[in-house]
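Right, one structure below, let's go through it.
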Amino acid sequence: MRVLLITKNFPPVSCGVGDYASRLARELAAAGNSVTVLTEPADAPRQLSFGLREQSLRGWRDLQPAIEAVAAFAPDHVQLEYSGYAWGRWGFAWWLNALLFGLRRRRIPVHAGLHELAISMRQHPLRTPVALAQWLHVALILAAVKSAAVNMRSRVASLERLFPWWREKIRYRPNSSNIPVVPFAETERAGFRRERGVAPGELVVATFGLFHPAKNYEALIQAVALLRSSNPPRLWMLGNFAAASPDYVARLKLAAQAAGIQEAVWWSGRLEAAEMSRALQASDVFVLPQPDGHLTRSGAFMAAAAHGLPVVAVRQPGGRDQAEFTHGEHVWFAEQSTAAALAAGIRRLAGDPAVAARMGRNLQELYAARFDWPITAAAFRRADALLPDSGEGQPSVERGAVAAVTDPGGTRT
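The sequence shown begins at 0 in numbering that gives the first Met the number 0 and counts up one residue at a time.
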């Protein structure tokens, strides 16, 4: 199959959606497909195992050249990996809608992976006009594409409620990990920890991401500070700060200094995927402090799951987007994104290594069964015909209404 992936950002540009598109392209190419990525030019060279077409994708003057580029490729499948703020500073770009309708007029069907929808008017009432424009933008995307995959069950429900006439197009596709697991012997793990000042028996708490203020990393810093009096842990802040607000990163470092833990924190900066895999495997407990508790859209959480780490995350009110995960079996859910609640979860896992190890294994097995790239790639192949999922272990993309799910152990959640 000739596959063309369209993404605004792509490595080496720091972007979670771009990283996802890169990993998806590699998986599809490894499966024998002819894959080409259409993306913006980058300043650094790209070494890829698939095709690449660099082209300006910035506005109306790029519309016709982009349509011609897609048509010239003669693809069997066009996949748009989309996040609104990558395409426009306000989270929408009308010329992208024109591009999709232009391809539709050429009888070139496009499928979309919607990594984000519109901002919440309830949470941002002063930005209601922006939210309405974003929703119109999303509606026009849905009108133009053959299928649209979203990474949260609540988003499936929202789109089905708002656009019931497009119900058959809307699919559930949780994210997979962008960090492949590399071999890492126990002696190498010990050396990795020792090089970073970790003493034998010392606990390493890790988090990973692009460090957006909404993730509430301040609560994690305070949680580690609370634990310093009993079993002082190390805190590894893993991820690339280049895409984060410099002011926010400075505030986090000041918070660590004020809490008296600055010497215990490793601010890794950008790491290559293999080095990030080693850092995750060298950690003991992974914490996802984001208050909304969204797991299936979080590449950081999926990376921890793929690496078999015990995870402390925040319980989501209602739990619709945590339906696949059981408290104490796959994830330890803190009731709130507060220092006290996160510290209690870390303390529980640190105090019982057997429980922590079992949770890590369970989460890793669940990831392999429901979220790993072979599951995503299999669902990708079914997308052209809009077929529902079939067979055990292949629920990664679902059509239509949100269904109840069953974990590998047979427990209905």
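Ideal placement from N, C-alpha and C gives every residue a C-beta, glycine not left out. Just so it is clear, the structure is predicted and the values come from calculations on it, not from any experiment.
Contact annotation: the region 320-339 touches the region 217-227, with at least three C-beta pairs closer than 8 Å.
Around the Cβ of GLU80, a 10 Å sphere holds 16 or more other Cβ atoms; the residue is buried. The beta carbon of GLY58 sits closer than 7 Å to the beta carbons of TRP94 from its chain, once the five residues preceding and following it are set aside; these are given in chain order.
With contact defined as three or more Cβ pairs closer than 8 Å, the region 291-309 and the region 199-213 are in contact.
THR186: member of the alpha helix (DSSP H) spanning 185-194, first to last residue. In the DSSP assignment, HIS110 falls within the beta strand (DSSP E) that extends over 109-113.
Taken through DSSP and simplified to helix, strand or coil, GLN63 comes out as helix.
In this structure, the straight-line span from the alpha carbon of ALA97 to that of ASP18 is close to 25 Å. The residue from ILE178, ARG277, ARG250, PRO179 with its alpha-carbon nearest to that of THR186 is ARG277. When secondary structure is reduced to three states using DSSP, THR375 falls in the helix class. Under the three-state reduction of DSSP, PHE100 is assigned to helix. Counting along the chain, the unbroken alpha helix (DSSP H) around THR127 starts and ends at 127-143. DSSP lists LEU237 as the beta-bridge partner residues of PHE207. No Cβ-Cβ contact shorter than 7 Å links GLY238 with GLY307.
Straight across, the Cα-Cα distance linking ALA142 with GLN221 is about 46 Å. Apart from sequence neighbours up to five positions away, the residues of its chain that approach GLY112 with a beta-carbon distance below 6 Å are GLU80, ALA148, ordered along the chain. SER48 sits exposed, since fewer than 16 C-beta atoms from the chains shown fall within 10 Å of its C-beta. Counting C-beta pairs with one atom in each stretch, the region 311-321 and the region 276-292 have three or more that are closer than 8 Å, which means they touch. Of the residues GLU53, GLN78, GLY83, GLN280, the one whose Cα lies closest to the Cα of CYS14 is GLY83.
By alpha-carbon distance to SER244, the top candidate from ALA273, GLY90, ALA213, ILE260 is ALA213. Of the other Cβ atoms in all chains shown, fewer than 16 fall within 10 Å of the Cβ of HIS123; this residue is therefore exposed. Segment contact: the region 27-46 against the region 1-14, three or more CB-CB distances shorter than 8 Å; contact assigned.
Cβ atoms of LEU348 and VAL354 come within 8 Å of each other, at about 7 Å.
In the three-state reduction of the DSSP assignment, VAL155 falls in the helix class, which pools H, G and I.
For the options HIS114, GLN54, GLY344, PHE191, the alpha carbon positioned closest to that of SER153 is the one of HIS114. Of all C-beta pairs linking the region 187-198 to the region 21-32, fewer than three are shorter than 8 Å, placing the two stretches out of contact. Here MET275 has ILE178, LEU237 as same chain residues with Cβ atoms under 7 Å from its own Cβ, once five neighbours each way along the sequence are excluded.
A direct Cα-to-Cα measurement between PRO373 and ALA305 gives close to 13 Å.
With a 10 Å radius around the Cβ and a threshold of 16 neighbouring Cβ atoms, LEU125 comes out exposed. Straight through space, the alpha carbons of LEU131 and TRP165 are spaced by roughly 19 Å. Straight through space, the alpha carbons of PHE370 and VAL311 are spaced by roughly 19 Å. In the three-state reduction of the DSSP assignment, PHE300 falls in the helix class. THR127 counts as exposed, since fewer than 16 other C-beta atoms from the protein chains shown sit within 10 angstroms of its C-beta. When C-alpha distances from LEU51 are compared across ALA85, ALA92, ALA249, LYS7, the shortest belongs to LYS7. For VAL248, there is no enclosing beta strand (DSSP E); the residue is found in the alpha helix (DSSP H) stretching over 245-257. Scanning its chain for C-beta atoms nearer than 6 Å, with the 5 sequence neighbours on each side dropped, one finds around PHE183 the residues ARG277, GLN280, in chain order.
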